[in-house]
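See below for the structure under consideration.
2 protein chains.
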Amino acid sequence: MTTSREVRLKSRPEGMPQPENFEIASVQLPDPGAGEVQVRNLFMSVDPYMRGRMYDRPSYVPPFQIGEPLQGGAVGEVVASNDPSLKAGDIVQSMLGWREAFNAPAAAVQKLDTHGLPPQAFLGIAGMPGMTAYVGLLKIAALKEGDVVFVSAAAGAVGSVVCQIAKLKGHTVIGSAGGDEKTAFLREIGVDHVIDYKATPDLTKALAEVAPKGIDVYFENVGGEHLEAALNAARPFARFALCGMISQYNATEPPVGPSNIMLAVGKRIRMEGFIVSDHFAMLPEFLRDVSQWIGSGQLKWRETVDEGIDAAPGAFLKLFKGENIGKMLVKLG
Amino acid sequence: MTTSREVRLKSRPEGMPQPENFEIASVQLPDPGAGEVQVRNLFMSVDPYMRGRMYDRPSYVPPFQIGEPLQGGAVGEVVASNDPSLKAGDIVQSMLGWREAFNAPAAAVQKLDTHGLPPQAFLGIAGMPGMTAYVGLLKIAALKEGDVVFVSAAAGAVGSVVCQIAKLKGHTVIGSAGGDEKTAFLREIGVDHVIDYKATPDLTKALAEVAPKGIDVYFENVGGEHLEAALNAARPFARFALCGMISQYNATEPPVGPSNIMLAVGKRIRMEGFIVSDHFAMLPEFLRDVSQWIGSGQLKWRETVDEGIDAAPGAFLKLFKGENIGKMLVKLG
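Chains A and B supply the protein sequences, listed in that same order. Heads up: the first sequence begins at 9 in this note's numbering, then just goes up one per residue. Heads up: the second sequence begins at 9 in this note's numbering, then just goes up one per residue.
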């Protein structure tokens, strides 16, 4: 028997999630049964999309249930194995985060070949957020020569990878983020034009100043005023990869939609929502490219790391307060 | 010398165009010069997109100039020719409507082989509006088997063709229009579910009732509440062909954008604006299909015809009051 603590959904948030929407509980784990492994998580991933699973509504992933532990990406170490495919010491990836340890069928976890990267990189740059950037920019937005690229939430886990892939492919990149620390990070990773949206009264004007000829690609993570500004700045045949709209996830009233969406007609803009899990066929090429780019020093990453399972709800709230730079993680191991 | 009257833009409309934004002027036409023809227009086309050209702003077509005659699609008859390529009696198509007659280089008009159709059909079902429907539905929305199709302004020149092409290809079609006469027309052309939006307090609810499993394609002519309802009703991977948003062309304040645009992410909706003139490569297949469908009786059309050049401004205003069914034309000849 070993003890694990886990984070459960205590109540569904209304608007901005609050600490009291979560509770920490202890569970006893028996030894793993036949075909099972016991894993102690090293890091758990904290992602904005999880907010959607806290609503009780149909979506592309089922809602979290009250009283049940939350789920999220995690990397961990096998501590006991009752299955020949895995052994103690193996590093594995799973969707069984938000808990310190768990027993699961061996098939529910994936053994991780870290290629010399720290295992938590597979929750960020080399994992779902990195692949989201890759798919959204290259496939959905269909990046092509000469494109000027605008990225919102550009200092986030996804946005910062979008910026760097566009840069290493030779594009002009405009990144928006809030505050000095994030904008400094964007300059560090080579973003050509950095917009501090918190210090910018008029995003449309700010975009027009740095991209007087307009933008061809918009990587949408934020929604609201960012989307309106992108529509205003778009050149004919611009492509918008709609990855997320974090400004609206906690809305209690219907948010204000883009008043200028009519521009999409005359400018022939394509706006397309996407979810990375529809594009797992691209995983091999993503892993090939990303490991090469990391190896050559063209791709860098940042993590914001909080420690211990008790910190997980707070780490989640940071996403919506814009308090993370790069990948938001909780270190458990 | 012959006399022609023409419609000129007297002032730029603010909000809904008014009769006083237009003036009728008489001009004297000399005999056609070398290489020129003189054409007497039979019908001129009245189209919503012209409203955009009345603003002084850059767009995919240049703005109309104050004091200059308006331009629009027209079919006419050559009354005198000074070019070997055309002779008196030839029926020609041009962008030189909004006038009774004109002289122009022979190359500025296209001789029309009407294939037994009335010439004004080439301003509607067999012309730009028909091809807009064809391109938008088949190419932009990429109609595929099993799709449920929702069409706004479904009784209009474009919408009514979208509905019928979708029907003849075996799809379930939902059409929205305002008033008894239009909804009767939609039933006549085989639309499965007809929504009278003027009599419907909640479009989202109305759509959910007729399409409980949702829609796969939305052909957007209206904007505003229609777009919001379509986003609510959309199934995963729905495609929206953004053809126009007539509810917003006369807005004097920024219109209210779709508050639920965030749904495009999770549902992976593709929304794409288009302009038919980018797709003229499809003209031969359009003409082949449309003449076959007309010949087999699968494609019907309606016209709303006002008479005489003096009626042209009023005919244009009817578009925004929803007073036309099918193609709005002015008969000049």
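Even for Gly, the Cβ is constructed at its ideal location relative to N, Cα and C. Because the structure is a prediction, the values reported are computed rather than measured.
Opening and closing residue of the alpha helix (DSSP H) in which residue 60 of chain B lies: 58 to 61
Three-way DSSP call (helix, strand, coil) for residue 191 of chain A in this model: helix
Burial state of residue 62 of chain B (16 or more Cβ within 10 Å): buried
Chain B within 7 Å of residue 209 of chain A, Cβ atoms only: no
Short CB-CB distance (under 7 Å) between residue 65 of chain A and chain B: no
Alpha-carbon to alpha-carbon, residue 177 of chain B and residue 160 of chain B: 19 Å
Within chain B, partners of residue 213 of chain A - CB distance below 9 Å: Going along chain B, no residue has its Cβ under 9 Å from residue 213 of chain A, so there is no contact; the nearest lies around 15 Å.
4 or more residues per run - each alpha helix (DSSP H) lying fully within the region 94 to 154 of chain B: 136 to 142
Cutoff 8 Å; reference residue 18 of chain A; Cβ partners in own chain excluding five residues on either side: 28, 29, 30, 31, 74 and 75
Residue 237 of chain A - DSSP class collapsed to helix/strand/coil: helix
Buried/exposed call for residue 6 of chain B, threshold 16 Cβ in 10 Å: An answer regarding residue 6 of chain B cannot be provided, because it is not within the stretch 9 to 341 covered by chain B.
Paired residues, beta bridge with residue 268 of chain A - DSSP: None; residue 268 of chain A has no bridge partner.
For residue 276 of chain A and residue 233 of chain B, the rounded distance between their alpha carbons: 21 Å
The region 229 to 244 of chain A in contact with the region 197 to 212 of chain A per 3-pair CB rule at 8 Å: yes
Neighbouring residues, chain A, relative to residue 266 of chain B (Cβ below 7 Å): 265 and 269
Residues near residue 181 of chain A by beta carbon distance below 6 Å, same chain, minus five either side: 157, 171, 174, 175, 199 and 200
Which of helix, strand or coil DSSP assigns to residue 247 of chain A: strand
Whole-number beta carbon distance between residue 125 of chain B and residue 302 of chain B, since they are thought to touch under 8 Å: 7 Å
At least 3 beta-carbon pairs within less than 8 Å: the region 33 to 50 of chain A vs the region 111 to 127 of chain A: yes
Between the CA atoms of residue 340 of chain A and residue 77 of chain A - distance to the nearest angstrom: 16 Å
Run of the alpha helix (DSSP H) containing residue 185 of chain A, from where it starts to where it stops: Taken as a continuous stretch (DSSP letters only), residue 185 of chain A belongs to no alpha helix (DSSP H), being part of the beta strand (DSSP E) at 180 to 185.
Under 7 Å from the C-beta of residue 275 of chain B: neighbouring residues of chain A: 281
Residue 68 of chain B: contacting residues in chain C (beta-carbon distance under 9 Å): The structure shown contains no chain C; its protein chains are A and B.
Of the residues A/293, A/97, A/194 and A/148, the one placed nearest residue 127 of chain A, counting alpha carbons only: A/97
Any 3 or more C-beta pairs closer than 8 Å across the region 294 to 314 of chain B and the region 323 to 338 of chain B: yes
Contact under 7 Å by Cβ, residue 265 of chain B with residue 266 of chain A: yes
Chain B within 7 Å of residue 262 of chain A, Cβ atoms only: yes
Cβ-based contacts, 8 Å cut-off: residues of the region 141 to 162 of chain A near chain B: none
Runs of alpha helix (DSSP H) wholly within the region 262 to 319 of chain B (minimum 4 residues, chain order): 271 to 274 and 291 to 303
CB-CB length for residue 249 of chain B against residue 224 of chain B, believed under 8 Å: Not quite, the Cβ-Cβ distance comes to about 12 Å (not below 8 Å), so this is no contact.
Residue 231 of chain A: contacting residues in chain B (beta-carbon distance under 8 Å): 269 and 270
Backbone secondary structure at residue 49 of chain B - three-state DSSP: strand
Rounded separation between residue 88 of chain A and residue 324 of chain A - CA only: 30 Å
Neighbour list for residue 7 of chain A in chain B, Cβ cutoff strictly below 8 Å: Because chain A is modelled from 9 through 341, residue 7 of chain A falls outside the range shown and cannot be assessed.
Chain-ordered chain A contacts of residue 252 of chain B [CB-CB under 8 Å]: 273
Residue 263 of chain A versus residue 148 of chain B: straight-line alpha-carbon distance, rounded: 28 Å
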